[in-house]
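A short worksheet on the structure shown next.
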Amino acid sequence: MGDVRGSAPEAGRQVVVVTSDRSLVAEVVAAALFDRSTETVVAPWPGTSGSRRRRGARPAAGLLLSDLDTVGAVQAAQLAMAGPTTSWIVVTAAPPGPLWGAMFEAGALGVLSSAAGLAEVRVRFRELAAGEHEVDPRAGRDLASWRRYGVERAVAAGRVPFLSDAERTLLDALEGADGLDAADVRRRAVEDADLLARALGRLGVSDVAGAVDALRTARAVDATD
């Protein structure tokens, strides 16, 4: 597949570079955004090979798509926005909070939930092109949250909404076991070993302490909204 949608950019057309940690997603979204007023360019995710920006096509804005569900994904997203394109919009499945703050710190002018439709993305880019962009009201709060918790805790907390009901119930019980002795905690963990292993894997942590910290971090972030 070619690296640029369409021919040479016409005068007045906005050039948007699209990148994602899932290359097919970048290709599909770039194709959907392309129209008479917008030329889209697919750029490789940091650390991967892929299409390159054609000489002469100078992106005025960028669209980054990632779940931000691993430390590596967060770091790569920040690296992707360190390039010459300055007006970035990020679309992510991560909940608002420290992971959004990581994107603001890296230079994103706006962050949207993955539930946002293509129409909302287009509106954001039209505002950028017209110089009508306003500071995202979440930016300051999310940036402070990011600087407080750091990447590893932010990633784990960002995965909490994706726990199953059974996984969340178990972790809530273990969190409430703070007043119990170590033997009681070990017994609960052994009785539900498979479920606990799935929960830890979903959060990307290695032990109950890490999972409980993720729950508390997520709860603290929610409390600031």
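Using this note's numbering, the first residue of the sequence shown is number 15, and each one after it goes up by one.
Beta carbons: idealized from backbone N, C-alpha and C, even for Gly.
From the options, pick the residue whose C-alpha is nearest to that of residue i; which is it?
| i | options | result |
| --- | --- | --- |
| glycine 61 | Asp49, Ala91, Ala74, Gly76 | Ala91 |
| proline 112 | Leu126, Arg136, Trp160 | Trp160 |
| valine 165 | Arg36, Pro151, Ala120 | Ala120 |
| alanine 75 | Thr84, Trp102, Val88 | Trp102 |
| aspartate 186 | Gln89, Arg152, Thr238, Val226 | Val226 |
| leucine 184 | Val222, Val30, Val88, Tyr163 | Val222 |
Please list, in chain order, all residues of the same chain as residue i whose beta carbon is under 7 Å from its beta carbon, the five residues on each side excluded.
| i | result |
| --- | --- |
| alanine 107 | Asp81, Ser128 |
| serine 51 | Arg27, Gln28 |
| valine 235 | Gly111, Pro112, Ser159, Ala171 |
| leucine 79 | Ser34, Val39, Ala40, Val43, Val105 |
What does the Cβ neighbour count give for residue i, buried or exposed, with the cut at 16 atoms within 10 Å?
| i | result |
| --- | --- |
| glycine 115 | buried |
| serine 178 | exposed |
| valine 169 | buried |
| proline 98 | exposed |
| arginine 167 | buried |
| glutamate 181 | buried |
Residues in its own chain within less than 6 Å of residue i by CB, not counting five upstream and five downstream?
| i | result |
| --- | --- |
| alanine 171 | Ala228, Thr231, Ala232 |
| valine 43 | Val32 |
Using beta-carbon positions only, say whether residue i and residue j come within less than 8 Å of one another.
| i | j | result |
| --- | --- | --- |
| glycine 154 | arginine 138 | no |
| glycine 218 | arginine 173 | yes |
| valine 149 | leucine 126 | no |
| tryptophan 59 | alanine 96 | no |
| aspartate 156 | phenylalanine 118 | yes |
| alanine 57 | leucine 132 | no |
Hey, is residue i close to the ligand FMN, as in C-beta under 7 Å from one of its heavy atoms?
| i | result |
| --- | --- |
| valine 42 | Summarising the ligand content, the structure contains no ligands, and the ligand FMN is consequently not present. |
Could you name the residues of the same chain whose beta carbon sits closer than 8 Å to that of residue i, not counting the 5 residues immediately before and after it, in chain order?
| i | result |
| --- | --- |
| proline 175 | Pro109, Ala232 |
TODO: Count the CB pairs spanning the segment 142-150 and the segment 200-212 that are closer than 8 Å, and state whether there are at least three.
DONE: no
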